[in-house]
Amino acid sequence: MAPSRSTTVSRFIAAPRERIYRAFLDADAVATWLPPGTMKGIVHAFDGREGGAFSMSLVYPDEEASQPGKTSDKTDRFEGRFAELVPDERIVWATVFDSGDEGFSGEMTVSTMLSPADGGTDVTMVSDNIPSGIRLEDNEEGCRSTLDKLAAFVGG
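If you read the sequence shown in full-length UniProt numbering, its first letter stands for residue 1, the second for the next number, and so on.
Pasting the structure below:
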């Protein structure tokens, strides 16, 4: 059995944990801050409660040719569920990419921890069981971009 592939990315956000936590449970908010870089988010379904399911697409801009999508040339579609919710402390998403490529198969888990810090919140994202088709460096870069966009969204 291959070892689990994981990354950890952290960022301080100058906003209270409660505001950040709420941004994970609102479909419109997630569509705004989750897509890394210049990608656009489209939410297809969203049930923001523990055990609730969601479906979303991340769409690359037309002018971006460097990254092929996992689902199609310009799209990464994925489905998931809220595996665990601890209000204002922890959000765990279990996600599966919609791809015919075995390198993107399997369930990836993203655990986000919200820790109190002076003037805001330390946010840590741990991605576990990253599919082999995703470079760990790309996952880290995407998580950093996502956390930057989350900070901007919540005002921190």
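Every residue gets a Cβ at the ideal spot worked out from N, C-alpha and C, and that includes glycine.
Collapsed DSSP secondary structure at residue i in the structure displayed
| i | result |
| --- | --- |
| Asp88 | coil |
| Glu137 | helix |
| residue 182 | Nothing can be reported for residue 182, as the shown portion of the chain is limited to 1 through 156. |
| Gly37 | coil |
| Arg49 | coil |
| Ser99 | coil |
| Gly142 | helix |
| Arg5 | coil |
| Ala151 | helix |
| Ile42 | strand |
Check: residue i C-beta below 6 Å from any heavy atom of the ligand MN
| i | result |
| --- | --- |
| Ala23 | Judged by which ligands are present, the structure shown has none, so any question about the ligand MN falls away. |
Whole-angstrom C-beta distance between residue j and residue i, which should lie under 8 Å
| i | j | result |
| --- | --- | --- |
| Thr124 | Ile20 | The pair is not a contact, with the Cβ atoms about 12 Å apart (cut-off 8 Å). |
| Cys143 | Thr7 | 7 Å |
| Thr109 | Ala94 | 5 Å |
| Asp97 | Pro131 | Before going on, a small fix: residue 97 reads as Phe here, not Asp. That belief holds up - the Cβ atoms of Phe97 and Pro131 are roughly 7 Å apart, short of 8 Å. |
Buried/exposed call for residue i, threshold 16 Cβ in 10 Å
| i | result |
| --- | --- |
| Arg17 | buried |
| Asp76 | buried |
| Ile13 | buried |
| Val86 | exposed |
| Ser115 | exposed |
| Leu58 | buried |
Chain-order list of residues whose beta-carbon lies under 7 Å from that of residue i (same chain, five-residue window excluded)
| i | result |
| --- | --- |
| Gly52 | Arg81, Phe82 |
| Ala117 | Phe12 |
| Ser127 | Ser6, Thr7, Met108, Val110, Asn139, Cys143 |
Own chain, CB closer than 8 Å to residue i, minus 5 neighbours either side, in chain order
| i | result |
| --- | --- |
| Asp26 | Gly48 |
| Thr32 | Gly41, Lys149, Phe153 |
| Gly106 | Val96, Asn129, Pro131 |
Close beta carbons around residue i, own chain, < 6 Å, minus the five adjacent residues each side
| i | result |
| --- | --- |
| Ser10 | Thr124 |
| Glu84 | Val92 |
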